[in-house]
Amino acid sequence: MGKTLGYARISTNEGQDVASQKAMLEKLGAVVVFTDIGNGSSLDGRDQLEAAIRLLDPGDELLALHPDRLARDTADLLTIGKRVIEKKAVLRINDPNIVLDGTDIMAEVVLTVFGMVGMMEKHFIKARQRRGIEAAKLKGIYKGRPATISPDDVRELRQQGLGATEIAKRLKIGRASVYRALAA
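What follows is the structure, given as structure tokens:
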């Protein structure tokens, strides 16, 4: 058997600590633990997960503590599993015990079920968040996220003759934000 690479993820640095996941992964045999900070709703921006998968050699193992540490989306979870198997490596999840090596259809079925559970959790979290925001708006205590760009900066660049795409690049914002600032 090859090396075991661990993967840990926390959603945010605020009040969450990756140390306990890292310690458990090391206890379970991970020689290196890759960690990402960010939600599990997307594979975008998960540089450490990408690095771990790239480093897998045939016979290696990618280890995670729980399916939701890898992804909260069925398709993403299965994509990760497929990529690991394509490297002729194994995806092992500690709790519940899932070993995905491409030979056991039941492991893929169980992984799919947990991916669906993750999607449901994500849906419920977003629904509770929306209800909380609506309740706060009714009380007048929620005003939305503070603006991160100055409409004056956007207008000044526009007066210099720059288009929306160039303004967005210079200010490191999306074009839609440029249009909103110009309309304000």
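Residue numbers for the sequence shown follow UniProt numbering, beginning at 1 and rising by one.
Ideal Cβ positions, reconstructed from N, Cα and C, are used throughout, including at glycine.
Note that the coordinates shown come from a computational prediction; the quantities given were computed from them, not determined experimentally.
>> According to DSSP, E61 sits in a beta bridge with which residue or residues?
In response: BP columns for E61 point to T4 and V90.
> L100 by DSSP, collapsed to three states: which one?
Replying inline: When DSSP states are grouped into helix, strand and coil, L100 belongs to the strand group.
>> Less than 6 Å between C-beta atoms, sequence neighbours within five positions excluded: which residues of the same chain meet that for G115?
In response: Excluding sequence neighbours, G115 sits near T74 and L77.
> If we ignore side chains and look at the alpha-carbon of each, how far apart do R128 and T35 end up?
Replying inline: Each residue's alpha carbon lies about 27 Å from the other.
> Given a threshold of 16 other Cβ atoms within 10 Å of its Cβ, counted over all protein chains shown, does P67 qualify as buried or as exposed?
Replying inline: When all chains shown are included, P67 counts as buried.
> Quick one, are the C-beta atoms of L157 and R170 less than 8 Å apart?
Replying inline: A distance below 8 Å separates the beta carbons of L157 and R170.
> Going by other Cβ atoms of all chains shown within 10 Å of its Cβ, with 16 needed for buried, is D47 buried or exposed?
Replying inline: D47 should be labelled exposed.
> At which residue ranges does the stretch 18 to 42 contain complete alpha helix (DSSP H) runs of 4 or more residues, listed in the order of the chain?
Replying inline: Whole alpha helix (DSSP H) segments, 4+ residues: 19 to 27.
> Can you tell me whether DSSP reads I10 as helix, strand or coil?
Replying inline: For I10, the secondary structure class from DSSP, reduced to helix, strand or coil, is strand.
> Rounded to the nearest angstrom, how far is the Cβ of L25 from that of G2, given a contact under 8 Å?
Replying inline: The pair is not a contact, with the Cβ atoms about 16 Å apart (cut-off 8 Å).
> Expressed to the nearest angstrom, what Euclidean distance is found between the alpha-carbon atoms of E61 and L91?
Replying inline: Those two C-alpha atoms are separated by around 6 Å.
> Given A51, which residues of its chain have a CB within under 7 Å of its CB, disregarding the five upstream and five downstream residues?
Replying inline: The answer, listed in chain order, is F34.
>> Out of K126, L55 and T79, which one is the CA nearest neighbour of T112?
In response: The option with the nearest alpha carbon to T112 is T79.
> Which of the three DSSP states, helix, strand or coil, is assigned to H123?
Replying inline: H123 falls in the helix class under three-state DSSP.
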